[in-house]
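Chains as they are written, first to last, in my numbering: chain C, -2 to 331; chain G, 280 to 613.
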Amino acid sequence: MNKKLDISPVHTDLETLLKKMYITMLRIRKFEEKTGELVSAKEIICPCHLYIGQEAIATGVCSALRKEDYVFSTHRSHGHYIAKGGSIKTLMAELYGKITGCSKGRGGSMHITSPDIGFPGSSAIVAGTIPLAVGAALSFHIRKKDTVSVAFFGDGATNEGAFYESLNFAALKKLPVIFVCENNFYSTHMTISDCLSDTRIYKKAEAFKMPGVCIDGNDVLKVFKQAKEAIEYAREGKGPSLLECSTYRWRGHVGPNIDLDKGLRTKEELESWMAKCPIKRLEALLLKQGILSKSETHQIEKEIEREIEETVVFAKKSSFPKANELQKYVFTEN
Amino acid sequence: MRKLSYVQAINETLHQIIEKDKNVFLVGQGVISPWYVGATTVGLIDKFGDKRIIDTPVSENAITGVAAGASFTGMRPIVMHPRMDFMYYAMDQIANQIANWYYMFGGMKNVPITIWGIINRGGEQAAQHSQALQSMFMHIPGLKVVMPSNPFDVKGLLVSAIYDDNPVVFIDDRWLYKIVGDVPKEIYTVPIGKGAIRKKGKDITIVATGWMVQKVIEAGSILQKDGIDVEIIDVRTLKPLDKTLIFKSVKKTSRLVVADAGWRTCGVAGEISALVTENIFESLKAPIKRVVLPDTPAPMSSVLERAYYPDTNDIVATVRSLFKQHRRTLGGKK
Chain C
-2 MNKKLDISPV
8 HTDLETLLKK
18 MYITMLRIRK
28 FEEKTGELVS
38 AKEIICPCHL
48 YIGQEAIATG
58 VCSALRKEDY
68 VFSTHRSHGH
78 YIAKGGSIKT
88 LMAELYGKIT
98 GCSKGRGGSM
108 HITSPDIGFP
118 GSSAIVAGTI
128 PLAVGAALSF
138 HIRKKDTVSV
148 AFFGDGATNE
158 GAFYESLNFA
168 ALKKLPVIFV
178 CENNFYSTHM
188 TISDCLSDTR
198 IYKKAEAFKM
208 PGVCIDGNDV
218 LKVFKQAKEA
228 IEYAREGKGP
238 SLLECSTYRW
248 RGHVGPNIDL
258 DKGLRTKEEL
268 ESWMAKCPIK
278 RLEALLLKQG
288 ILSKSETHQI
298 EKEIEREIEE
308 TVVFAKKSSF
318 PKANELQKYV
328 FTEN
Chain G
280 MRKLSYVQAI
290 NETLHQIIEK
300 DKNVFLVGQG
310 VISPWYVGAT
320 TVGLIDKFGD
330 KRIIDTPVSE
340 NAITGVAAGA
350 SFTGMRPIVM
360 HPRMDFMYYA
370 MDQIANQIAN
380 WYYMFGGMKN
390 VPITIWGIIN
400 RGGEQAAQHS
410 QALQSMFMHI
420 PGLKVVMPSN
430 PFDVKGLLVS
440 AIYDDNPVVF
450 IDDRWLYKIV
460 GDVPKEIYTV
470 PIGKGAIRKK
480 GKDITIVATG
490 WMVQKVIEAG
500 SILQKDGIDV
510 EIIDVRTLKP
520 LDKTLIFKSV
530 KKTSRLVVAD
540 AGWRTCGVAG
550 EISALVTENI
560 FESLKAPIKR
570 VVLPDTPAPM
580 SSVLERAYYP
590 DTNDIVATVR
600 SLFKQHRRTL
610 GGKK
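Listed below in structure tokens is the structure:
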């Protein structure tokens, strides 16, 4: 079973691809649910921005990438990391602040990394990694590589100057970067209509003469296809694209709660989006097409749950960083 | 030895390193414009083309991030800011992303970039075209800061900055550009973190940065005629600071003046002063004095400008006042 869970973005046919995407989405979901439980239990203290509800975007985009392609992420980072192939053991250990964590207990949920699989890091400053993604793309461009770079960011990031500066420069130099906006309609507490004069984010691409589309971000196959198109466009040296993916975060801005008591959104709104669950949707397709049987999906689910329990055991038994190593990693020795 | 001006030394270094190393490139606003960068970049675009000498729009934040992003892929970018004042736009990338990256990912990914900031002041340019921000960068963990004061050091420190595996803020000063000195033709390094004694002396130590080193050297000759034998330390690197050199000198002379053309409050001079009092207080025979900018924005009118920038006379007067005030504690000494 372990081998079947391999999520390397190399797939031979559509069936394999769909199965892999299903496994990835479910792994993200289960990991996040477990994280939520551990935050509630005060086992995990660092702020965690959960990706529940948005799994199709990271999964669809990363499934269309090669291992050597780069992905840059945000404060809501776990989904991107897992979809790109990051180890969930070291991720969980990081959330626990352990030395075995992917960032050795220096980063926490918002600052996770896995350079070996093209995931140089996620950053908590809104829009902060967009220029970095453009920079990786500039390097590929200078060195004539057909590698691409992806910047994931939320709708809130489109209020930052760095977003516009980056779009302009990337389009000006025709750099191989894909801007993926996960529009979950909320920038922390603020609804998108309260912060954007025009909420059609994909339209902003037009101003920079780059392709911009808006798609259903809860349809993983659609995300995959659109991302693949943008990635190929970038690999061919035609330049960047902006992909707006509509979605919804089921939990609050940060932490495990659904935050209905805060009066920022309604129960009806949340439920209408939960009915559009990206995982249930793909599962229905897989069952209908006979790609997976009910018992197989059940088996996958159990296997993922077991895998995640293992991450918790690993994290708990790992050591904390040594206090006398507080200042390690400020600088590197040449 | 062969003589070059400060500006020629920078230009030669860029030519030599960009030629030698395919991973090095120069990016920034006005890199092809002598109007912005003096003659530092003359001939680069013709020799290396617009893929490695990249002139950019005024998007300081994104462009600084672009350089950092490119460094993640194995390149060693130099990002140039023709006026330090505009670097405030890039502070998110410099302080939040670049400076923190190595630490917050537990040493997984270093950022080998050179952030070149040019101090360009005087000539009635006023508050927004005159700033020297070395103290700001020195304050931030994770950044190295160098400030070469002569043609030999500017070449050696630029090479060291480019090849340092950490982010280095490389600060030069247009007022130094015409200074001529010995510069070897071959590529060499001046170590980061090592200061230099410009003049040996026994009565008082003057520690200086950048442009102020030149002024202190002039002041030293004048004071010599008064019978005050000044020891002059050029720190060359602000971070990491060569404390050993400073302490050794102050232990010998028992007196310290710090000259830095940045603002007084929380400045370089304040930091050096604190280090000396914390560590070798017992060596001091007189209070430490600072020759710095007042806590005032840069003015326009040349009358005010002359009052604003510390010069040789200010250094001479400060040293004399110290000897006058503390004559009693000097015993039989002058």
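Glycine residues also receive a C-beta, built at the ideal position from the N, C-alpha and C atoms.
- Annotated three-state conformation of residue 59 of chain C is helix, per DSSP.
- Annotation for residue 586 of chain G: the continuous alpha helix (DSSP H) segment containing it runs 581 to 587.
- Only buried fits residue 525 of chain G, as 16 or more other CB atoms lie within 10 angstroms of its CB.
- For residue 355 of chain G, the enclosing beta strand (DSSP E) stretches over residues 355 to 360.
- Taking a 10 Å sphere around the C-beta of residue 197 of chain C, we find fewer than 16 other C-beta atoms and assign the residue as exposed.
- Taking the beta carbon of residue 162 of chain C as reference, the chain G residues within 7 Å of it are 338, 340, 341, listed in sequence order.
- The Cβ of residue 348 of chain G sits closer than 8 Å to at least one Cβ of chain C.
- Taking the beta carbon of residue 166 of chain C as reference, the chain G residues within 9 Å of it are 335, 336, 338, 341, 342, 345, listed in sequence order.
- Within the same chain, and ignoring the five residues on either side of residue 101 of chain C in sequence, the residues whose Cβ sits closer than 7 Å to its Cβ are 318.
- The straight-line gap separating the alpha-carbon atoms of residue 547 of chain G and residue 26 of chain C is approximately 50 Å.
- Under the criterion of beta carbons closer than 8 Å, residue 579 of chain G and residue 403 of chain G qualify as touching, at roughly 5 Å.
- With distances taken between CA atoms, residue 99 of chain C lies nearest to C:111 out of C:216, C:93, C:111.
- The DSSP-derived three-state label of residue 19 of chain C is helix.
- The straight-line gap separating the alpha-carbon atoms of residue 192 of chain C and residue 156 of chain C is approximately 8 Å.
- What residue 443 of chain G touches in chain C, judged by beta-carbon distance under 7 Å, is 331, going in chain order.
- In this chain, residue 380 of chain G is not harboured by any beta strand (DSSP E); it is covered by the alpha helix (DSSP H) spanning 378 to 383.
- Secondary structure of residue 462 of chain G (DSSP, three-state): coil.
- In the DSSP assignment, residue 432 of chain G falls outside any beta strand (DSSP E) and lies within the alpha helix (DSSP H) extending over 430 to 442.
- Between residue 352 of chain G and chain C, the shortest Cβ-Cβ separation is below 8 Å.
- Under the three-pair Cβ rule at 8 Å, the segment 300 to 309 of chain G does not count as touching the segment 474 to 493 of chain G.
- Within the segment 311 to 352 of chain G, complete beta strand (DSSP E) segments of at least 3 residues are found at 332 to 334, given in chain order.
- Within the segment 354 to 382 of chain G, contact with chain C at the beta-carbon level (separation under 7 Å) is assigned to 354, 371, 372, 375, 376, 380, 381, 382.
- Closest in C-alpha terms to residue 586 of chain G, from the list G:366, G:401, G:384, G:516, comes G:401.
- Residues of the segment 401 to 415 of chain G that bring their beta carbon within less than 9 Å of a beta carbon in chain C are absent altogether.
- Restricting attention to C:23, C:10, C:143, the CA atom closest to the CA of residue 298 of chain C is found in C:23.
- As the crow flies, the alpha-carbon of residue 234 of chain C is around 35 Å from that of residue 421 of chain G.
- Per DSSP, residue 70 of chain C lies in no alpha helix (DSSP H) segment; the continuous beta strand (DSSP E) that holds it begins and ends at 67 to 70.
- The DSSP assignment places complete alpha helix (DSSP H) segments of no fewer than 4 residues inside the segment 505 to 558 of chain G at 522 to 532, in order along the chain.
- Against chain G, the CB of residue 327 of chain C has a partner CB under 8 Å away; the residue lies at that interface.
- In the DSSP assignment, the residues bridged to residue 148 of chain C are C:69, C:176.
- Shown here, residue 184 of chain C sits in a strand according to DSSP, grouped into three states.
- Leaving aside the five residues that flank residue 413 of chain G on each side, the residues in its chain whose CB is nearer than 7 Å to its CB run, in chain order, 424, 426, 450, 488, 517, 541, 547.
- Short of 7 Å from the beta carbon of residue 302 of chain C, and not among the five residues preceding or following it, lie these beta carbons of its own chain, in chain order: 27.
- Residue pairing by DSSP leaves residue 259 of chain C without any beta bridge partner.
- Counting along the chain, residue 204 of chain C sits inside the alpha helix (DSSP H) bounded by residues 201 to 204.
- For residue 218 of chain C, the uninterrupted alpha helix (DSSP H) run begins and ends at 217 to 232, by DSSP.
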